[in-house]
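With the numbering used here, letter number 59 in the sequence shown gets 59, and the count goes up by one each step, no holes.
Glycine is no exception: its CB is placed at the ideal position from the N, C-alpha and C atoms.
Worksheet: one structure, shown below.
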Amino acid sequence: MRRRFLALFSIGLVGLAASVGALGADNHARLTEAADSGFPGRSYVLTLPHGMKLKTGAVQVFENGKAVDGLTVTPVSESTLQQFGVVLVIDASTSMEGKPERAALAAARAFAAQRKGEEQLAVVTYNVTPTVALPFTSDQVKIDDALSRRPAFIFGTHIYDAVGTSLNLLRDAKIKAGTVIVLSDGQEHRGVGDTAKHQTEQSAAAAARAAHVRVFAVGLNSRVSKLAALRGLVRDTGGRYLATTSIDDLKRIYTQLGSSLASEYLLHYRSLAGPDRHITVTARVDGLGVVAGPEYRTPALSVAKKVAASPYKPSVMVRLWTSPVTMSLVGLLAAILIGLGASMMLSGPKRGTVRRRMAESVSVPAAIRDSSKRPTAQITEKMLEGTDSMLRGSGWWQRFRWENEIAGVTIPPEQIIVLTGVGSLLALFVLKFLFGSLLVAIAVAVVIPLVVRSLLKRKLAKQRKLFAEQLPDNLQVLASALRAGHSFIGALSVVVNDAPDPARTEFQRVVADEQLGVPIDEALHVVVQRMESRELEQVALVGALQRETGGNTAEVLDRVTDTIRERFELRRTVQTLTAQGRMSRWVLTFLPISLLLLITAINPGYMHVMYATTGGKAVLVLAAISVTAGSFVIKRIVNIKV
Numbered sequence: 001m002r003r004r005f006l007a008l009f010s011i012g013l014v015g016l017a018a019s020v021g022a023l024g025a026d027n028h029a030r031l032t033e034a035a036d037s038g039f040p041g042r043s044y045v046l047t048l049p050h051g052m053k054l055k056t057g058a059v060q061v062f063e064n065g066k067a068v069d070g071l072t073v074t075p076v077s078e079s080t081l082q083q084f085g086v087v088l089v090i091d092a093s094t095s096m097e098g099k100p101e102r103a104a105l106a107a108a109r110a111f112a113a114q115r116k117g118e119e120q121l122a123v124v125t126y127n128v129t130p131t132v133a134l135p136f137t138s139d140q141v142k143i144d145d146a147l148s149r150r151p152a153f154i155f156g157t158h159i160y161d162a163v164g165t166s167l168n169l170l171r172d173a174k175i176k177a178g179t180v181i182v183l184s185d186g187q188e189h190r191g192v193g194d195t196a197k198h199q200t201e202q203s204a205a206a207a208a209r210a211a212h213v214r215v216f217a218v219g220l221n222s223r224v225s226k227l228a229a230l231r232g233l234v235r236d237t238g239g240r241y242l243a244t245t246s247i248d249d250l251k252r253i254y255t256q257l258g259s260s261l262a263s264e265y266l267l268h269y270r271s272l273a274g275p276d277r278h279i280t281v282t283a284r285v286d287g288l289g290v291v292a293g294p295e296y297r298t299p300a301l302s303v304a305k306k307v308a309a310s311p312y313k314p315s316v317m318v319r320l321w322t323s324p325v326t327m328s329l330v331g332l333l334a335a336i337l338i339g340l341g342a343s344m345m346l347s348g349p350k351r352g353t354v355r356r357r358m359a360e361s362v363s364v365p366a367a368i369r370d371s372s373k374r375p376t377a378q379i380t381e382k383m384l385e386g387t388d389s390m391l392r393g394s395g396w397w398q399r400f401r402w403e404n405e406i407a408g409v410t411i412p413p414e415q416i417i418v419l420t421g422v423g424s425l426l427a428l429f430v431l432k433f434l435f436g437s438l439l440v441a442i443a444v445a446v447v448i449p450l451v452v453r454s455l456l457k458r459k460l461a462k463q464r465k466l467f468a469e470q471l472p473d474n475l476q477v478l479a480s481a482l483r484a485g486h487s488f489i490g491a492l493s494v495v496v497n498d499a500p501d502p503a504r505t506e507f508q509r510v511v512a513d514e515q516l517g518v519p520i521d522e523a524l525h526v527v528v529q530r531m532e533s534r535e536l537e538q539v540a541l542v543g544a545l546q547r548e549t550g551g552n553t554a555e556v557l558d559r560v561t562d563t564i565r566e567r568f569e570l571r572r573t574v575q576t577l578t579a580q581g582r583m584s585r586w587v588l589t590f591l592p593i594s595l596l597l598l599i600t601a602i603n604p605g606y607m608h609v610m611y612a613t614t615g616g617k618a619v620l621v622l623a624a625i626s627v628t629a630g631s632f633v634i635k636r637i638v639n640i641k642v
């Protein structure tokens with residue numbers, strides 16, 4: 001009896017020594033690769049001896065003996081979510097039911113109490129199949145609740161399936177420094193009717209190595225335990241193996257294990273190693289010396305196999321632009337333009353302006369001022385004079401000058417033409433140089449004259465609209481002057497004295513023409529053409545009748561004024577009713593263009609097919625034609641003339 005007691009006591013001491021030795025044997029710094037380690041971004045987990053804290057700047061990492069730059073060190077206590085995570089894997093087979101179950105859950109709670117920072121914890125129980133009792137969380141309330149519930153105990157044990165489930169949890173949670181802690185006696189048992197295929201120690205170890213996850217194991221020594229495979233799993237993944245013969249010792253083991261993991265640090269840096277290089281990583285910690293780390297090989301440069309290039313076949317447009325005929329025509333056109341420019345600068349009246357010709361005989365101060373102009377100003381003036389002389393015979397040019405005068409544009413029309421042409425050419429060359437697209441450059445160069453013409457048209461329309469709005473009041477003044485005894489032309493002079501521009505300027509033109517002998521109806525008809533005013537045409541008719549037959553002109557003008565005011569009121573009503581249609585026109589016109597530009601700016605690759613393929617360009621052209629045609633159709637619909 002005494003010998004049996006001594007034998008049991010000796011076995012207990014050996015087991016206790018084994019467990020203590022297991023904890024103390026690894027009481028040194030270790031450097032293991034983290035899950036998010038890749039290239040060039042490298043991450044490692046630094047484990048320090050129990051109770052040791054790392055001071056700021058106390059660690060350096062070396063690659064092949066060369067210190068790395070930009071090293072960041074994050075302790076568990078300052079960690080954020082997805083940096084540190086631990087999965088507790090607990091045996092829930094029938095052999096653990098009762099006191100072992102309570103000891104295991106108490107040990108797990110003791111481990112959870114050692115957490116720091118935002119270190120996350122998950123719990124997996126296993127028997128025939130693994131069960132996720134608690135997904136990853138840093139909420140202590142949820143952790144305590146999960147570790148206070150009894151798992152379902154079933155006969156059968158598949159340890160390595162539980163390890164695989166734990167690896168999946170770490171992968172889905174994107175944990176950078178992941179650890180799996182397994183509690184088991186190493187036995188694998190198939191349950192009743194269990195014929196499924198399960199993972200082995202080799203497959204679980206390979207998966208853990210690929211994921212850079214460490215597996216720690218707490219082995220329960222007994223007469224039936226089979227812990228060799230479990231030790232191999234720990235060895236293959238860079239974890240630690242802890243053994244005990246007493247379930248009462250689990251709480252102490254898990255407490256020390258939790259404290260050890262809570263003293264870890266996540267190291268991250270960006271490697272500058274060249275391609276296809278064998279790298280040995282080490283760390284130097286103050287007070288510990290050099291800590292050996294893992295080795296890795298940088299990826300080799302992938303050189304694609306050279307494919308025989310197909311012969312270059314330029315497109316029809318490229319062949320057209322680069323053909324000798326086109327180059328000759330372009331050169332000829334350039335020579336003609338240069339010659340015209342030179343002739344415009346050097347041509348002009350042979351004897352100069354009137355002031356200059358007068359200065360040849362008498363002293364004219366203005367001529368002296370003309371001769372004192374800078375050469376650049378003289379060249380510019382000659383260029384503008386040459387432009388006017390070249391375009392003078394064109395009906396379009398005469399109408400352009402006429403409309404600019406009516407609109408009150410102070411810039412000479414010759415200068416507008418020259419500046420617009422220079423701006424278009426400059427935009428063409430600049431955009432071709434910046435974007436490399438001749439189509440875009442030509443489109444913008446064509447748009448610039450259209451925009452200038454549109455602005456001038458808007459100013460002209462504004463002047464004519466203002467004249468039309470002033471007309472009723474001016475006619476009322478005209479009628480009042482006629483009642484006061486003035487003649488028709490005298491009444492117009494009264495209107496000129498009181499009316500604002502542009503009405504004053506136009507009626508002053510009528511008075512001046514009449515004084516030069518032009519009939520009043522013809523003088524008014526000129527203003528009708530300038531202002532495109534149908535209302536003033538009625539006044540011209542009244543003036544002609546008054547000149548030929550006489551009559552109560554004032555009463556007729558009052559009726560004309562009332563008619564004009566009623567027509568203006570009707571126009572305002574039509575404008576109000578068609579406002580929505582006009583707004584719809586602008587929205588439908590600019591919305592596709594805005595969306596095209598916005599999508600191109602946000603995701604250029606998505607719109608690349610529209611700009612780089614023939615089909616995409618055809619769609620863009622068709623869309624532009626459709627939008628333009630639709631805009632003009634809507635304009636014709638809502639443009640109701642009264």
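Sheet register partners of residue i (DSSP bridge)
| i | result |
| --- | --- |
| ALA205 | Beta-bridge pairing links ALA205 to no other residue. |
| TYR44 | GLU33 and LEU267 |
| GLN120 | GLY85 |
| HIS278 | ARG297 |
| GLU63 | LYS66 and VAL281 |
| PRO130 | TYR126 |
| HIS189 | THR157 |
Euclidean distance between Cα positions of residue i and residue j
| i | j | result |
| --- | --- | --- |
| GLU33 | ILE279 | 13 Å |
| ALA243 | ASN221 | 7 Å |
| GLY156 | GLU188 | 7 Å |
| GLY395 | GLN529 | 16 Å |
| VAL182 | LEU227 | 12 Å |
| ARG559 | LEU450 | 42 Å |
| GLY630 | ASN474 | 40 Å |
| ALA103 | SER184 | 13 Å |
| ALA479 | ARG572 | 25 Å |
| GLU405 | THR505 | 11 Å |
| ILE634 | THR553 | 43 Å |
| VAL494 | VAL539 | 16 Å |
| ALA470 | GLU414 | Correcting the residue type first, residue 470 is Gln in the shown sequence and not Ala. One C-alpha to the other measures close to 31 Å. |
| LEU288 | PRO75 | 18 Å |
| GLY117 | GLU78 | 5 Å |
Span of the alpha helix (DSSP H), counted from its first residue to its last, around residue i
| i | result |
| --- | --- |
| GLY232 | 228-237 |
| VAL527 | 520-531 |
| ILE469 | Correcting the residue type first, residue 469 is Glu in the shown sequence and not Ile. GLU469 -> alpha helix (DSSP H) spans 438-483. |
| THR600 | 579-602 |
| THR505 | 503-515 |
| LEU170 | 159-173 |
| SER260 | 250-261 |
| SER631 | 614-638 |
| ILE143 | 140-146 |
| VAL496 | 488-498 |
Classification of residue i by the beta-carbon crowding that lies within 10 angstroms, buried from 16 upward
| i | result |
| --- | --- |
| GLU295 | exposed |
| ILE625 | exposed |
| GLU63 | buried |
| THR576 | exposed |
| ALA292 | exposed |
| HIS525 | buried |
| ARG369 | Unreliable positioning characterises ARG369 in this predicted model, as indicated by a pLDDT of 43, which lies under 50. The coordinate reading is nonetheless provided below. Classification for ARG369: exposed. |
| VAL542 | buried |
| GLY517 | exposed |
| PHE433 | exposed |
| TYR44 | buried |
| GLY258 | buried |
| LEU121 | buried |
First through last residue of the beta strand (DSSP E) which encompasses residue i
| i | result |
| --- | --- |
| GLY219 | 214-220 |
| GLY293 | 289-297 |
| PRO75 | 72-75 |
| ALA177 | 177-184 |
| LEU105 | Taken as a continuous stretch (DSSP letters only), LEU105 belongs to no beta strand (DSSP E), being part of the alpha helix (DSSP H) at 99-112. |
| ALA243 | 241-244 |
Is the number of C-beta pairs between the region 52-62 and the region 133-148 that are closer than 8 Å three or more?
-> no
Evaluate contact between the region 200-208 and the region 106-117, counting only Cβ atoms and requiring at least three cross-stretch pairs below 8 Å.
-> no
Is the region 211-220 in contact with the region 66-80, if contact means three or more CB pairs nearer than 8 Å?
-> no
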